[in-house]
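Just below is one structure, and these are the notes that go with it.
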Amino acid sequence: MLQADKRALLAGVKKDALELRNKELDFNVERYTNLATQASVMAGFSFESLVELEVPEHTNEYLSSIYFVFGSLAMSLSLYVLCVSSFCCVYGHRLALQGPHGSLERAVVLMVAYRSHIFAAAGVALANLVAAAICMSWIKMGPAAGFVTSVFLGFGFCVTVGMSRMAKVFDIPAEDVVSGSTKVYNPNAGTSPIDLALLNPNAPSVSAAQAMSPTRGRSPSSTRMGPGAEGGPYTRLAEEPTSDELPARSGVLHQEGYLYKNAGNSMLSAASRYLNQDSSRRRYFVLQGTKLYYFKAWEVYGSLGLGGAVNKNAPIDMLHHIPTIAQEASDGTRFDLVPQGGDAHARKWELQAGTEHDALDWINALRRAYSIAEEAQVGAQREGGNPALHASL
């Protein structure tokens, strides 16, 4: 009964969080729709002026050329705004509704990111339309061209000043803007946010023994690798199962959880060492059989499975790596996957868990995987089979 109530509570919180984010999505879709309507009107005016205007024979060719340039720019920019706004609404709604876990957040972020340059393109299209109208007055209106030009210039000036004033009056400081994001902060977990829209009601709950563990109010994985580690201290969420709660899947050795990994010999690692910063990154690791995969976050693994792994095409093969405790780590949380086989260019994976207990769990699981892979290779060599096939069983 308690478990059902907990899941109902998490489901309700997540539903309310998603509804808030959905309001922000609808707001952005409405803005894009209004902009697309205005762009279609400007495109119609531009097309009509380009097609219907008959340039007199005595007209200066430079003036007529400038007119057609401004008219073409106004039409093309208006059509660009119309097409991009329409497609953004269509694909944004589709991503939010039919995408994987976290797609609503991604759809809102993308629509906000595209907004600035779309509005800028609409403003430039309007300016070109006014410039084309001024050129048209000199082509068609004779003595009245000067007065008409002043009218259009006055219109452009008034629109520019009016929009600038409204932008200042209706401006909201960046730090005061309220979004649909539902990230909250745990005072015992540093600055690591918890997004209520990404809760998983079906995940196992934290046991009482884990809640009472002597970690100063933090979860076993709240330790960071260094002052520059990505993500910082974090609290284990309900959707992040612990290693003790993970059931065996079809009898295959399985272990998963968050670890910090060093960037290795990459350019990022070299730059971080030069700047005296830590190049470690928090990643979600999954040991499946004798292969070790890692993901940018648990949500990626929960949505895409092993197909979403960063190293899905080249997982870490435990047949060629031996887990060892790093001697330079004083707290016992660091361990390495030392490459075997004499390859001088093979990478040594430097990993770190949140606590010594978690590190020992991982080391034991990885050593079992290494033993299984080694036994499978020996058995395959005796039978003349495929060691990779045996290691995956």
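For what it's worth, my numbering labels the leading residue of the sequence shown as 635, then goes sequentially.
Beta carbons: idealized from backbone N, C-alpha and C, even for Gly.
Since we're looking at a predicted model, the values are computed, not measured.
- About 10 Å separates the CB atoms of I768 and L697; that is not less than 8 Å, and the two are not in contact.
- When the Cα atoms are used, S683 and G705 turn out to be separated by approximately 7 Å.
- Selection L652, L716, L636, G796 evaluated against A730 yields L652 as nearest (Cα-Cα).
- Around the beta-carbon of A999, 16 or more other beta-carbon atoms lie within 10 Å, marking it buried.
- Look at the beta carbons and you see the region 783 to 798 not touching the region 733 to 747: under three pairs across the two are nearer than 8 Å.
- M775 counts as exposed, since fewer than 16 other beta carbons sit within 10 angstroms of its beta carbon.
- Counting C-beta pairs closer than 8 Å gives fewer than three between the region 685 to 694 and the region 747 to 756, which falls short of the contact rule.
- Below 8 Å, too few C-beta pairs join the region 931 to 944 and the region 966 to 975 to call them touching: fewer than three.
- The residue from M745, W983, E739 with its alpha-carbon nearest to that of S720 is M745.
- The alpha helix (DSSP H) runs of length 4 or more contained entirely in the region 655 to 732 are, from start to end of the chain, 695 to 732.
- The closest CA to that of Y725, considering only V795, L926, R740, is found on R740.
- Counting the other CB atoms within 10 Å of its CB gives V663 a total of 16 or more, which places it among the buried residues.
- Under the three-state reduction of DSSP, L738 is assigned to helix.
- Just measuring C-alpha positions, the residue of A980, L887, L985, Y927 sitting nearest N896 is L985.
- Per DSSP, R749 has no beta bridge partner at all.
- Note that the C-beta distance between Q974 and H955 is below 8 Å.
- The three-state secondary structure of L887, taken from DSSP, is coil.
- Note that the C-beta distance between A987 and L921 is not below 8 Å.
- The alpha-carbon separation between C717 and A670 amounts to approximately 8 Å.
- E1017 sits exposed, since fewer than 16 C-beta atoms from the chains shown fall within 10 Å of its C-beta.
- In this structure, S710 sits away from M676, with a CB-CB distance that is not shorter than 8 Å.
- At the C-beta level, R917 and L893 come within 8 Å of one another.
- The residues P957, in chain order, have a CB closer than 6 Å to that of R1001 in the same chain once the five nearest residues on each side in sequence are set aside.
- In the three-state DSSP reduction, V803 falls in the helix class (H, G or I).
- M635 has its alpha-carbon roughly 12 Å from the corresponding atom of L643.
- Close CB contacts of I997 within its chain, under the 6 Å cut and outside five residues either way in sequence, are with P957, F969 (chain order).
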